[in-house]
Amino acid sequence: MSPAGSDVAAATSLPRLVIAAPSTGQGKTTISTGLMAALRGRGLEVSGHKVGPDYIDPGYHALATGRPGRNLDPHLVGEERIAPLLLHGARGADVAVIEGAMGLHDGRLGTDGFSSTAHVAKLTRTPVVLVVDISRMSRSVGAVVAGMASYDPDVDVVGVILNRAGSARNIAEVERSLRLPVLGVVPGRDDISSPSRHLGLVPAGERHESAETVERLGEQVGRHVDLDALLDVARGAPGLTAVAWDPHREVRVVTADAPVVAVAGGRAFTFAYAETEELLRAAGCRVVHFDPLRDPALPEGTRALLLGGGFPEVHVQQLSRNRVLLEQVRDAVKAGLPTVAECAGLLYLIDSLDGSAMAGVIGTSAAMGERLVLRYPEAIAASDNLLTRAGERVHGHEFHRTALTAPARGWTPAWEIDGELIGAGTPTLHASYLHTHWAGHPVMARRLAEAAARATPVTVRAPSATVVRMPAADPEVTGAAVTDVTVTDVAVTDPLLHHGDVETGHGLVDFAVNVHPEPRPAWLESALRDGVQRSLTYPDPTPARAAIAELHHRRPDEVLVTAGAAEAFELVARWKPWRHAVVVHPQFTEPHAALERAGHHVTAVHCRPEDGYRLDASAVPEDADLVILGNPTNPTGVLHPAEEILKLRRPKRVVVVDEAFMDAVVDPSQSLAGDRRRGLLVVRSLTKHWSIPGIRAGYVLGNDRVITGLAARQVPWSVSTPAIAAALACTGSEAAIEGARRARRIAQWRTALVDALHQRGIEVIGSETSFVLARLGRGTRERLRDHGVAVRRADTFPGLDAEWARIAVRPPETTAQLLRALDDVRAGASAALGA
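Taking our numbering, I'd label the letters of the sequence shown as residues 292 to 1126.
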């Protein structure tokens, strides 16, 4: 009998096979995903399925098949639903591929293989193909396979795929040991393996190269696996008499006005079962996705919120920076918005995660730990709440390395598991670490839909609009047109994307942007004009590479000319699948933003204020394979000793040093531009010191292999002919004389500015370049703007707050305007305090 009623169906023909293995780590995901992609490449409609609760593998299956990845887990949904869910997921498909979990017979502990791959194969009457890693075995493979095939006569093991195969002699030895057909021999290739981290594979939605990886897997499997033989196996599977699962039979329509259920997605919330949304839609809801990393508000008309699982700990800093959304979620949930939060969702609602502020709904915090919580429990509802009624039993799973630092204060627990009370529940909230599959408990979908039907839509706050000045370059220097542009707080949600040019404007004295204030030299103007005249042909950076190489005593193949430092950071971010990228803060935010745009998690290592924001190389994690820091650092102006930076070098680690402001340093002895040691990259910019921000000229210095790797990712002709002309001019002998003169004048101006600030009792960090970081106090920057002076806000730099502001170094007569305005602001504040 079907779980939804007494329907009896004729046998349904569904070609299908299970890809299993003797143990975990044999390459099931690689082979399964590649097989799905290869079969789809033949024009077949392929349905991908995964044994167990795993959320991540189905994401790769979805990329390979173009259909939702599905899970088959008897523990979560019950034995009786496995075949119906398989038929539901495979509607309209030509073939279904079921990827196993762990070893073929490994299931829930203490249950004799319940929920194992073998269990699912028997429930669905599906033939099994074993994937065996033969990289460290020869004839023993035959013994292993024979044992797997005979262990349970009800499991039909029909063939073998040999994975990570090496020499022809070993392959022949293995094949002679087998009594089952060999359906494929796949050589080992590390370049298409899926990256792992603390909870297993990195989700497909977090890898910008996932689609390309899946395509390459398909090509690999298509070349080395006998697809025709596998299809014959799949077509030999017996018919299924089960009735396909149907969400409309599981829940009735509870509302006709289609209340919006906002479902978290994006890179931080990748864990979801497709059937959950199908049940909600069947109940009459409208499911709308949003990305807590980027979206400034919940979807319009939201009447319920579903925060599923994922990796918020990996993206915690970016989640925390989206304060506009966090505050809206906090207010809405506290006001009674029906909300379900599983694992990642729970972490999103607490006060803080690893020290970064979250929504602050549930009064506790969490942190990463060494212990992995992995259990497959039966949970008993501890209370009447949004999803459950006290005493109801639910099967679920937990899988996390974070832990709450203390029980949630003032909340009724949601679940009891083995005598432990966990989570938080109210009539409008259900939050815990426990994951559940709603196909096994459709009443949860019905209850959320009923609550949504009763709820009042969340009011979406209209973003405030501000008119700012958006020049293409500093108008005092270049004469570029300045246009009023209306931007909203949506546009500045991410502080990493904030730039000082939005703080300047008509009538304001500019201390916010670090462009050198003096006119460009005549030889540079002439070079720029010549560059424009030669722009009738495509740009060729070869002469500039040679000139830059000569300046730094390097070979031309150790130089890459770029469209400013920003392009260099983008190239580095997309160069490799970095496992652990570290950015030393506070510093220029573009490298951090570029890494996040490329889909990488970034660890921020903060220089300590008590150390004067100087680098401590020992603070960088040992396993970091990419470290980026500035020298001298923006916004502090601190010049780190070269010997301290070189302590960061490790085998297989790349250290990127941003020397965009080194030209403004009088004594450049700490520069690493001429250091040719492996793993060291130096990024330089010509835009600020030479007053050409609108030209975008810069370069990268490193060993030839690194430069070749970066160049391969550079967009053709990204560096314009005027920029190439500027690079040639700014690396010549005239530039050396003028650059040194500018650096000396900047040092004089900076000394006068710092002395004046110290006289006023203002703390200033010891800068060696063309700006200083000063503790002006909260609100001073805004009041200076009212007095006609723009300084750069510093609270958008990680590790700094609104107490600080960055001030560009200017000539004495311009600095005098800043000091007069500062005195007026401080006098006004004193008068107000006295009153």
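Every residue gets a Cβ at the ideal spot worked out from N, C-alpha and C, and that includes glycine. On a predicted model such as this, the values are computed, not experimentally measured, just so you know.
At least 8 Å separates the beta-carbon of Leu-521 from that of Arg-416.
In this structure Asp-709 is exposed. Its beta-carbon is surrounded by fewer than 16 other beta-carbon atoms within 10 angstroms. The Cβ atoms of Ala-835 and Ser-976 do not sit closer than 8 Å to each other.
DSSP, read as helix, strand or coil, puts Pro-882 in helix. In the three-state reduction of the DSSP assignment, Asp-445 falls in the coil class.
Looking at Ala-374, Pro-375, Gly-334 and Leu-376, the one whose alpha-carbon comes closest to that of Gly-357 is Gly-334. In the three-state reduction of the DSSP assignment, Ser-960 falls in the helix class, which pools H, G and I. A direct Cα-to-Cα measurement between Trp-1095 and Leu-1067 gives close to 6 Å. In the DSSP annotation of this structure, the continuous segment of the beta strand (DSSP E) that includes Asn-362 starts and ends at 361-363. The beta carbons of Gln-878 and Thr-833 sit no closer together than 8 Å.
If you ignore the 5 residues before and after Arg-825, its C-beta comes within less than 6 Å of the C-beta of Thr-1012, all in its own chain and listed in chain order.
Of the candidates Gly-383, Pro-306, Arg-507 and Val-477, Arg-507 places its Cα closest to the Cα of Tyr-351.
Considered as a whole, the segment 1095-1125 harbours 1095-1099 as its complete beta strand (DSSP E) runs of no fewer than 3 residues, in chain order. If you look at His-340, you'll find it in the beta strand (DSSP E) that goes 337-342. Residue environment: Leu-584 is assigned as buried (16 or more neighbouring CB atoms within 10 Å of its CB, all protein chains considered).
Secondary structure of Tyr-351 (DSSP, three-state): helix. Look at Ala-840 here: in three-state DSSP terms it is helix. Pairing Trp-702 with Glu-566 gives a Cβ-Cβ distance that is not under 8 Å. In the structure shown, the three-state DSSP call for Arg-430 is coil.
Bridge pairing for Tyr-990: Val-852 and Arg-975 [DSSP]. The criterion of a C-beta distance shorter than 8 Å is satisfied by Val-631 and Leu-739. Looking from the CA of Gly-636, the closest CA among Asp-958, Phe-602, Glu-849 and Leu-363 belongs to Phe-602. Sixteen is the threshold: since fewer than 16 other Cβ atoms of the shown chains lie within 10 Å of the Cβ of His-1049, the residue is exposed. Taking all protein chains in view, the Cβ of Lys-979 is crowded by 16 or more other Cβ atoms within 10 Å, so the residue is classified as buried.
Spatial neighbours of Leu-917 in its own chain (CB-CB distance under 6 Å, excluding positions within 5 residues in sequence) are listed in chain order as Trp-869, Ala-872 and Val-945. Partner residues in the beta bridge of Phe-1062, as assigned by DSSP, are Ala-1099.
Under DSSP, Glu-707 shares a beta bridge with Ile-671 and Leu-712.
Distance from Val-420 to Leu-518 at the Cβ level is roughly 12 Å; contact not present, criterion being Cβ atoms closer than 8 Å. 8 Å or more divides the Cβ of Thr-880 from the Cβ of Thr-727.
The beta carbon of Val-477 is closer than 6 Å to those of Asn-454 and His-515 in its chain, skipping five residues each way along the sequence. Secondary structure of Phe-802 (DSSP, three-state): strand.
Remark: C-beta atoms of Thr-320 and Asp-348 approach each other more closely than 8 Å. Per DSSP, reduced to three states, the secondary structure at Val-685 is strand. In this structure the segment 441-451 lies against the segment 405-414, because at least three pairs of beta carbons, one per stretch, are closer than 8 Å.
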